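Input: a single structure, listed below in structure tokens.
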Amino acid sequence: MIRQYDLVERVKAYDPNADEDALNRAYVFSMHAHGSQKRASGDPYFSHPVEVAGILAQMKLDSASIVTGLLHDTVEDTVATLDDIERLFGRDISRLVDGVTKLSRLELQSDQTKQAENFRKLVLAMSEDIRVLVVKLADRLHNMQTLHYIKSEDKRRRIARETLDIYAPLAERIGIHRMKDELEDLAFAVLHPEGRESIKTRFAFLKEQGGSLVGKVIDQLTKTLNEDGLPNATVTGREKTPYSIWRKMQRKNVGFEQLSDIMAFRVTVETVGECYQALGVIHSHYPVVPGRFKDYISTPKPNDYRSLHTGIIGPERQRIEVQIRTREMHEVAELGVAAHWSYKQDGGKTEGRQYRWLRELLDILEHASGPEEFLENTKLEMFQDQVFCFTPKGDLIALPRGATPVDFAYAVHSQVGDTCVGAKINGRIVPLRSQLSNGDQVDIITSKAQTPSPTWERFVVTGKARARIRRFIRAQQRAQYLNLGKEILTKAFRHEHQDLSEKALDAVTKNFSVTNVEDLYAAVGEGLVTKGEVLNAVFPNRVEPKTAKIVPLPRPRSKSSDNAVPIRGLIPGMALHYAGCCHPLPGDRIVGIVTTGKGVTIHTIDCDTLESFADTPERWLDVAWDTADEGQGHIGRISVMLGNEPGALGNLTTVIGKNAGNITNLKITNRSNDFFEILVDIEVKDVKHLTNLIAALRAMPSINSVERARG
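Heads up: the sequence shown is residues 1 to 711, going by the working numbering.
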């Protein structure tokens with residue numbers, strides 16, 4: 001355990017202006033507060049905050065962070081209070097200790113919910129001061145170093161999984177690669193001990209076989225660079241960590257022997273110009289492995305990591321990776337935010353390009369419906385490899401691999417994403433589901449009339465985009481269910497010769513476990529509560545009419561009755577669904593079937609499927625098309641018997657196009673030497689439009705028959 005004097009001297013060695021008095025008082029306060037408490041290892045509990053402070057001192061953090069490390073468990077695990085901390089150490093320390101403490105304050109039902117909620121609180125705390133995260137990471141690192149003392153294997157695995165899922169990626173996001181590597185390796189040892197030992201055994205075997213291979217490569221690279229005008233270049237080499245090897249084997253689905261770059265060499269020089277000079281020297285002396293060059297100096301990673309990466313066939317004919325950077329870049333790569341720590345100017349402010357990811361996490365937090373969804377979306381946000389794309393003005397946007405123009409639009413601005421209607425990649429218009437590649441220039445086309453489409457959720461990969469789309473869908477669905485439920489109840493009350501009274505509904509809301517009338521409307525629209533149940537609650541003495549088994553029969557088209565609910569303004573796929581069995585169109589006589597949790601499904605009145613609902617008359621709803629919807633596209637299906645002759649299919653599509661129909665799907669269901677049977681889905685305005693189109697097709701000599709399909 002680090003002694004009080006040693007800790008103070010360590011801090012003063014890199015920060016002569018450190019608050020020595022505060023460090024001494026914090027050390028003594030924490031020791032007295034924790035008293036005789038013990039850790040799972042049997043050591044005094046006080047050893048933990050001291051070791052955390054030591055880790056922070058290794059990273060050369062300011063004295064406020066070191067004091068926070070000493071005090072971070074006092075409020076949670078001892079009788080000390082935040083008021084005590086503020087009185088003795090000031091407002092800044094109190095705020096930092098509170099930020100670290102509040103993460104483990106919740107006792108929720110499930111580990112997953114607790115983990116998600118704690119992570120949500122961590123994001124909020126570190127958005128105010130990034131030092132909260134650095135202290136929390138140091139706390140987690142020491143806990144992982146002593147994890148083997150915990151007896152429960154399940155608990156060890158849960159903590160290791162949480163470390164791998166959340167804390168290691170966060171360390172990478174703020175650029176502390178040294179800590180990220182150690183957290184990953186410690187978690188890997190718990191989760192996959194056999195895999196780790198296997199990789200370490202293979203490394204040992206390679207060392208035996210290759211002798212001082214790393215030393216030989218370092219000597220030859222150093223000699224080459226010195227002779228070509230870079231006398232100050234320093235070369236170091238290392239094996240990649242067992243976890244990074246394991247992850248690469250999983251991602252590429254290859255064995256250990258097939259990996260080409262299990263060794264990495266680093267060249268450090270003085271200036272940016274010398275970085276590119278060193279690259280030229282290495283490429284001129286050794287064969288380059290195609291596709292392995294990456295320039296993170298001209299386009300730094302979001303966490304401010306800067307370096308040149310290249311793959312070569314090295315001096316010993318081995319495929320190796322070489323990283324070239326300045327000494328300043330190396331310090332940033334190892335220590336991240338701690339390397340150019342801003343305590344000298346403005347504390348742990350989270351401004352600047354390298355904190356953009358943190359602001360995006362806050363945006364996801366704002367739009368997520370609950371902690372689990374937030375955790376799911378942020379895992380997406382943090383884990384995937386990245387592609388770098390540019391706006392038309394040349395601004396760099398970093399996105400996960402597999403990202404689409406919709407993800408790019410939301411990364412630029414939430415409003416741009418919400419109103420996105422199209423995209424150009426490198427000047428060419430592409431579908432919104434296209435995947436972006438490194439270096440693409442993306443131009444987003446927007447329209448004020450556009451809103452997020454529910455289909456976007458199927459292909460977006462960033463948490464921010466998914467959270468915004470889900471939020472819009474939730475808001476729209478509720479509005480749709482609410483309007484539909486209100487219409488249903490209005491017509492039901494009118495059928496009973498009563499006026500809909502919100503006062504009467506308010507009196508029965510408790511019967512349906514809802515808090516207000518609006519929630520009741522939404523429940524009726526969603527099919528969770530039937531109109532009959534509401535009527536019976538409002539009118540307890542009501543005699544429900546006896547209903548015979550309903551058998552649907554074709555009825556002549558007529559003007560809709562007063563009791564029909566207009567389906568005006570309802571977006572298909574939310575509160576309203578058009579049945580795929582009969583493809584109803586404006587002009588068809590229709591009926592609605594209320595489906596629990598889905599709202600209303602619209603069928604034509606002569607649809608065969610309706611017979612299966614004959615025993616549940618309470619689910620039937622009289623609905624009618626609304627004239628305001630005329631002109632909108634609806635899908636109609638036709639069955640065509642087409643002669644098997646050259647040009648027949650071309651003629652079919654030409655006639656459909658000339659009659660203002662748009663083919664959305666085409667399927668050949670049967671074929672023979674003479675005829676093809678085809679199902680065609682066509683976007684049309686209404687029944688009349690489809691009827692005219694069928695008539696035009698029947699006039700074609702190559703078409704044997706055309707019928708409207710009912711399935």
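By construction, the Cβ of each residue, glycine as well, lies at the ideal position given by its N, Cα and C atoms. Remember, it's a predicted structure, so these values are computed and weren't measured experimentally.
Neighbourhood of residue i by C-beta, 7 Å cutoff - its chain only, sequence neighbours within 5 removed
i	result
F493	D499, L500
N24	Q4, V8
L666	I678, V680
N511	A537
H583	I635, G636, R637
D154	none
V655	A696, L697, M700
A18	V11, K12, S63
Alpha-carbon to alpha-carbon, residue j and residue i
i	j	result
L489	D440	53 Å
T509	S453	33 Å
Q476	K464	18 Å
D165	R433	28 Å
I130	H330	21 Å
G195	R156	17 Å
I602	L520	22 Å
M700	T653	12 Å
L693	A398	49 Å
A333	E227	28 Å
V706	T691	10 Å
H72	R87	16 Å
G587	E457	33 Å
P405	A264	34 Å
I593	F613	8 Å
T271	Q277	10 Å
Residue i - containing alpha helix (DSSP H), residue span
i	result
P405	405–412
T68	63–71
R173	168–173
S85	For clarity, residue 85 is Ile in the given sequence; the question names Ser instead. From DSSP, the alpha helix (DSSP H) with I85 extends over 82–89.
D21	20–34
D443	D443 -> not in any alpha helix (DSSP H); beta strand (DSSP E) instead, spanning 442–446.
A699	A699 -> no alpha helix (DSSP H), and no H or E assigned at all.
Residue nearest to residue i in terms of C-alpha spacing, selected from the options
i	options	result
A507	A537, N232, R470	A537
I320	E331, E328, I282	I282
E162	E76, M179, R173, L183	L183
G54	G69, G42, F46	G69
V269	V684, L230, N662, I605	L230
R470	L482, T455, K598	T455
V267	R87, G237, G532, D83	G237
V28	F46, D15, V11	F46
A233	L213, M263, C275	C275
T146	M59, L96, E51	E51
T478	G527, K491, E496, V442	A quick correction: the sequence has Arg, not Thr, at residue 478. The residue with the shortest Cα to Cα distance from R478 is G527.
V190	A160, I176, F205, F203	A160
R292	I312, T299, R325	I312
V684	K12, G657, S705, P701	G657
A709	T669, G592, F675	T669
I93	G175, A80, T101, V67	V67
G532	G99, I663, H192, L621	L621
V79	G35, V461, A278, N426	G35
A648	S702, I682, I425	S702
Residues that residue i bridges to, as DSSP identifies them
i	result
G661	None, per the DSSP bridge assignment.
T310	V322
R637	D681
Y763	Shown here, the chain extends from 1 to 711; a query on residue 763 therefore has no answer.
Start-to-end residues for the beta strand (DSSP E) that takes in residue i
i	result
I282	No beta strand (DSSP E) contains I282, which is instead part of the alpha helix (DSSP H) from 272–285.
Q323	319–326
V269	263–269
T601	599–604
L396	396–400
V421	420–425
Beta-carbon contacts of residue i that lie in its chain and below 6 Å, excluding the five residues immediately before and after
i	result
Q323	R266, S307, H309
Y149	A40, S41
M31	F46
Nonlocal neighbours in the same chain, by C-beta distance under 8 Å from residue i, ignoring five residues either side
i	result
N438	V387, F388, C389
A504	V538
V416	A409, Y410, I444, T446
G597	E526, G527, L528
N704	M641, L642, G643, F675
R140	T163, Y167, L183
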